[in-house]
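*Asks:* Could you have a look at this structure, given as structure tokens, before my questions?
Residue numbers (the working numbering): 799 to 995.
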């Protein structure tokens with residue numbers, strides 16, 4: 799029961815942070831959204847909102863990493879198509895949510911990077927993990943420089959997501975998806991590119 803309440807609090811915080819930001823989200827709103835007793839929040843997160851924020855960032859980061867991994871595993875052609883799919887799925891989620899469903903990490907990072915070192919570190923760790931996992935995928939397909947390209951992918955992704963969300967237009971995500979995928983495809987070993995793999 800306790801672990802279920804804790805998970806509900808993390809999920810509620812993740813959704814609210816993603817939709818309205820860290821600063822605009824109150825603890826009472828989180829407990830109400832989670833259907834949890836008020837006292838349970840400080841039971842599970844004695845450090846208050848900052849601790850909840852740090853753990854929510856880690857929780858959201860791990861969940862999105864699993865989603866990225868699933869997209870890569872389902873890609874039939876390779877990393878370039880997986881990256882394109884990642885951008886397109888994000889565009890669809892953004893449209894479906896009425897432009898509210900942004901990146902769960904960037905929203906917190908933009909607000910807290912200069913005001914909370916624990917939150918900044920939590921966000922930096924998630925981004926570093928995403929980049930490292932993507933770089934490993936690229937390297938396994940002979941796509942180099944893998945680490946630099948992973949930085950490029952997430953810089954492009956986060957920028958396109960912000961443009962799409964603020965403009966209420968999925969165009970930036972879709973346009974960027976094609977350009978990024980083409981860039982990755984062009985970095986494949988020549989024998990694979992020539993054979994269409």
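Backbone N, C-alpha and C define an ideal beta-carbon position, used for all residues, glycine too.
Comparing C-alpha positions only, which one of 911, 950, 885 sits nearest to residue 973?
*Replies:* 885
*Asks:* Quick one: what's got a C-beta closer than 7 Å to residue 815's C-beta in the same chain, skipping five residues either side?
*Replies:* 823, 854, 902, 905, 906
*Asks:* Along the chain, where does the alpha helix (DSSP H) that runs through residue 928 open and close?
*Replies:* That run of the alpha helix (DSSP H) goes 915 to 938.
*Asks:* Are the region 953 to 964 and the region 854 to 868 in contact at 8 Å, needing three or more beta carbon pairs?
*Replies:* Contact fails between the region 953 to 964 and the region 854 to 868, because fewer than three Cβ pairs, one in each stretch, are under 8 Å apart.
*Asks:* From residue 900 to residue 987, what does the alpha carbon distance come to, in whole angstroms?
*Replies:* 34 Å
*Asks:* Just to confirm, is the Cβ distance from residue 975 to residue 882 under 8 Å?
*Replies:* Against a cut-off of 8 Å, the Cβ pair of residue 882 and residue 975 comes out as a contact.
*Asks:* DSSP on residue 899, reduced to helix/strand/coil?
*Replies:* coil
*Asks:* Would you check if the distance between the CB atom of residue 915 and the CB atom of residue 819 is smaller than 8 Å?
*Replies:* no
*Asks:* So, helix, strand or coil for residue 876, using DSSP?
*Replies:* coil
*Asks:* Quick one: using the 10 Å Cβ neighbour count with 16 as the cut-off for buried, is residue 934 buried or exposed?
*Replies:* exposed
*Asks:* Can you tell me whether DSSP reads residue 859 as helix, strand or coil?
*Replies:* helix
*Asks:* Going along the chain, which unbroken runs of the alpha helix (DSSP H) with 4 or more residues stay wholly within the region 809 to 855?
*Replies:* 825 to 832, 836 to 842, all fully within the region 809 to 855.
*Asks:* May I have the straight-line CA-CA distance separating residue 852 from residue 833, to the nearest angstrom?
*Replies:* 21 Å
*Asks:* Would you report the Cα separation of residue 871 and residue 893, rounded to the nearest angstrom?
*Replies:* Distance between the alpha carbons of residue 871 and residue 893 is about 25 Å.
*Asks:* The alpha helix (DSSP H) that contains residue 962, what's its start and end?
*Replies:* 944 to 965
*Asks:* With C-beta atoms as the reference, is residue 948 less than 8 Å away from residue 932?
*Replies:* In this structure, the beta-carbon distance from residue 948 to residue 932 falls below 8 Å.
*Asks:* Return the residue from the list 880, 808, 888 that minimises the CA-CA distance to residue 970.
*Replies:* Out of 880, 808, 888, 888 has the C-alpha closest to the C-alpha of residue 970.
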